[in-house]
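Take a look at the structure set out below.
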Amino acid sequence: MQAVQHDLFCDIKQALGNLSLPQYIQFMLKKELKNKKIGVLGYGSQGRAVALNLRDSGCDVIIGLPSQSKSRKYAKQDNFVVTTTPKTVKQSDVLLFALPDHLQGRIYKSEIEPNLQAKTTFVFLHGFAIHFGFIKPPNESDILMIAPHAPGIALREKYLTDKSVSAFQAIENGKKNSKQLLTALAEAIGIRKNKLVENSFKNEAIGDLFGEQAVLCGGLSELVFNGYSVLTENGLDSDNAYLEVCYQLDLLISLIKKHGIIGMYERISVAARYGSVKNSKKIIDSSVKKNMQAVYDDITSGKFANKLNKLNEKDIEKLSHSLKKMSSVSFEKSSKKFSN
Ligand SMILES: NC(=O)c1ccc[n+]([C@@H]2O[C@H](COP(=O)([O-])OP(=O)(O)OC[C@H]3O[C@@H](n4cnc5c(N)ncnc54)[C@H](OP(=O)(O)O)[C@@H]3O)[C@@H](O)[C@H]2O)c1
Numbered sequence: 007m008q009a010v011q012h013d014l015f016c017d018i019k020q021a022l023g024n025l026s027l028p029q030y031i032q033f034m035l036k037k038e039l040k041n042k043k044i045g046v047l048g049y050g051s052q053g054r055a056v057a058l059n060l061r062d063s064g065c066d067v068i069i070g071l072p073s074q075s076k077s078r079k080y081a082k083q084d085n086f087v088v089t090t091t092p093k094t095v096k097q098s099d100v101l102l103f104a105l106p107d108h109l110q111g112r113i114y115k116s117e118i119e120p121n122l123q124a125k126t127t128f129v130f131l132h133g134f135a136i137h138f139g140f141i142k143p144p145n146e147s148d149i150l151m152i153a154p155h156a157p158g159i160a161l162r163e164k165y166l167t168d169k170s171v172s173a174f175q176a177i178e179n180g181k182k183n184s185k186q187l188l189t190a191l192a193e194a195i196g197i198r199k200n201k202l203v204e205n206s207f208k209n210e211a212i213g214d215l216f217g218e219q220a221v222l223c224g225g226l227s228e229l230v231f232n233g234y235s236v237l238t239e240n241g242l243d244s245d246n247a248y249l250e251v252c253y254q255l256d257l258l259i260s261l262i263k264k265h266g267i268i269g270m271y272e273r274i275s276v277a278a279r280y281g282s283v284k285n286s287k288k289i290i291d292s293s294v295k296k297n298m299q300a301v302y303d304d305i306t307s308g309k310f311a312n313k314l315n316k317l318n319e320k321d322i323e324k325l326s327h328s329l330k331k332m333s334s335v336s337f338e339k340s341s342k343k344f345s346n
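And the structure:
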């Protein structure tokens with residue numbers, strides 16, 4: 007028995023030894039992805055990382071972009087076959103939506119829906135367009151989601167160093183083998199099975215929007231800039247104020263991620279602990295939670311999504327002007343100075 011196993015092992019080893027690297031990658035590719043063309047629509051933050059990871063995992067990838075797209079040169083530099091969105095839709099078995107969320111509904115109606123093939127699989131990186139009803143795929147299509155918890159650059163870096171970011175996974179519409187396809191796709195994108203967290207399109211869409219508006223981006227930047235303003239308005243110079251209210255944030259976040267909020271407090275000085283217990287509720291008082299609830303209600307009612315879905319180029323330009331008011335030239339200078 008052992009001799010038979012040994013012979014079989016030698017045969018396989020010899021067969022694999024004769025394969026070129028691309029052939030070997032194809033051999034290793036999960037059966038769910040074999041002979042499937044994956045059309046990645048968009049080549050921005052997520053699109054580039056996802057497309058490169060899929061290709062390095064052995065998948066057959068093409069990129070769909072408008073003929074005037076600024077992203078075309080990057081996809082071409084990376085040696086991808088780049089074609090228009092309608093042509094990509096016509097050629098693909100799997101469509102991966104790496105498009106701006108506010109445009110997905112409009113692009114779907116004009117460029118995707120009229121060119122769809124039977125049984126195209128839809129893969130989203132965020133639940134927004136499906137949950138809020140801006141995209142309504144045909145009933146027979148699989149609708150899957152892999153929403154990485156990282157910007158594209160981190161997704162790519164982790165893949166190249168044989169590590170994995172975490173991601174939400176969800177199936178809005180699927181068949182018997184959709185879960186296997188989802189897992190195979192996630193792995194090819196660079197997300198390991200043990201880093202996939204079960205979710206739904208609805209909860210991912212709501213949670214993601216709320217998290218970025220109330221805490222991670224909107225809430226955090228206001229907190230930091232208000233602290234910075236108080237210190238500079240009371241005479242501290244910009245670098246000094248920046249170092250006090252912002253520079254160490256990542257270290258404290260690391261402590262919270264590793265040890266929890268209480269664990270973080272246990273690891274800082276008595277002065278910092280005492281001062282925080284005494285004053286944190288003065289800074290973030292009960293009105294903040296009420297305001298957060300109002301933001302949450304706007305998200306769940308679809309009010310926010312409908313506004314986002316109507317944004318045009320002019321609105322986005324205005325957004326850049328508003329952004330400038332969320333910081334100051336001196337804060338930005340200090341941030342650059344200590345960025346390394
Ligand atoms: N960024 C993140 O950290 C992150 C994390 C997790 C999930 N996501 C999700 O990933 C998805 C993509 O977001 P992103 O941040 O990668 O967007 P992005 O950086 O803004 O990139 C969007 C891409 O879509 C292209 N595009 C615009 N119109 C198009 C059309 N008609 N057909 C084909 N391509 C078109 C853009 O080309 P141009 O260069 O011409 O504009 C650009 O390459 C979203 O659902 C988002 O929620 C993002």
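According to the working numbering, the residues represented by the sequence shown are 7 to 346, in order. Note that beta-carbon positions come from the ideal geometry of N, C-alpha and C, so glycine has one too. As the structure is a prediction and not an experimental result, all values here were calculated from the model.
Shorter than 8 Å, the distance from the beta carbon of G139 to the closest heavy atom of ligand 2, or not?
With respect to small molecules bound, the structure shown includes ligand 1 and not ligand 2.
Closer than 8 Å: is that where the CB of E117 sits relative to any heavy atom of ligand 1?
By one-based count along the sequence shown, residue 117 stands at place 111. Set against 8 Å, the gap from the CB of E117 to the closest heavy atom of ligand 1 is smaller.
Would you give the residue range spanned by the alpha helix (DSSP H) that Q110 belongs to?
If you number the sequence shown from 1, residue 110 lands on position 104. Counting along the chain, the alpha helix (DSSP H) containing Q110 begins and ends at 107-113.
Assuming S172 and V203 are in contact, meaning their beta carbons sit under 8 Å apart, how far apart are those beta carbons, in whole angstroms?
The residue given as residue 172 occupies position 166 in the sequence shown. The residue given as residue 203 occupies position 197 in the sequence shown. That pair is a contact at about 6 Å.
Locate the alpha helix (DSSP H) running through T167, then write down its first and last residues.
As a working mapping, residue 167 is identified with position 161 in the sequence shown. Note, T167: premise wrong, no alpha helix (DSSP H); not H, not E.
Any heavy atom of ligand 1 closer than 8 Å to the beta-carbon of I113?
Counting from one through the sequence shown, the residue named residue 113 turns up at place 107. At least one heavy atom of ligand 1 is nearer than 8 Å to the Cβ of I113, so yes.
Please classify Q83: is it buried, with 16 or more other beta-carbons within 10 angstroms of its beta-carbon, or exposed?
Along the sequence shown, one-based indexing puts residue 83 at 77. By the neighbour-count definition (other C-beta atoms within 10 Å, threshold 16), Q83 is an exposed residue.
Need the endpoints of the alpha helix (DSSP H) that I305 sits in, please.
Locating residue 305 in the sequence shown gives position 299, counting from the first residue. Taken as a continuous stretch (DSSP letters only), the alpha helix (DSSP H) holding I305 covers 292-306.
Nearest by alpha-carbon distance to G133: which of Q123, Q74, P154 is it?
Locating residue 133 in the sequence shown gives position 127, counting from the first residue. When each option's Cα is compared against that of G133, the closest is P154.
Just reading off the beta strand (DSSP E) that E204 is part of, what are its end residues?
What you label residue 204 is simply residue 198 of the sequence shown in a count that begins at 1. DSSP places E204 inside the beta strand (DSSP E), whose first and last residues are 202-204.
V171 by DSSP, collapsed to three states: which one?
Here the question's residue 171 lines up with position 165 in the sequence shown. Coil.
If G45 and Q97 are in contact, beta carbons under 8 Å, what's the gap, nearest whole angstrom?
Taking the sequence shown and counting its residues from 1, the one referred to as residue 45 is at position 39. Taking the sequence shown and counting its residues from 1, the one referred to as residue 97 is at position 91. Rounded, the Cβ-Cβ distance is 7 Å, consistent with contact.
Would A4 pass as a contact of I152 if the rule is Cβ separation under 9 Å?
Residue 4 lies beyond the stretch modelled for the chain, which goes from 7 to 346, so this question has no answer here.
If we ignore side chains and look at the alpha-carbon of each, how far apart do S333 and L109 end up?
For this step, residue 333 is matched to residue 327 along the sequence shown. For this step, residue 109 is matched to residue 103 along the sequence shown. Cα to Cα, S333 sits roughly 27 Å from L109.
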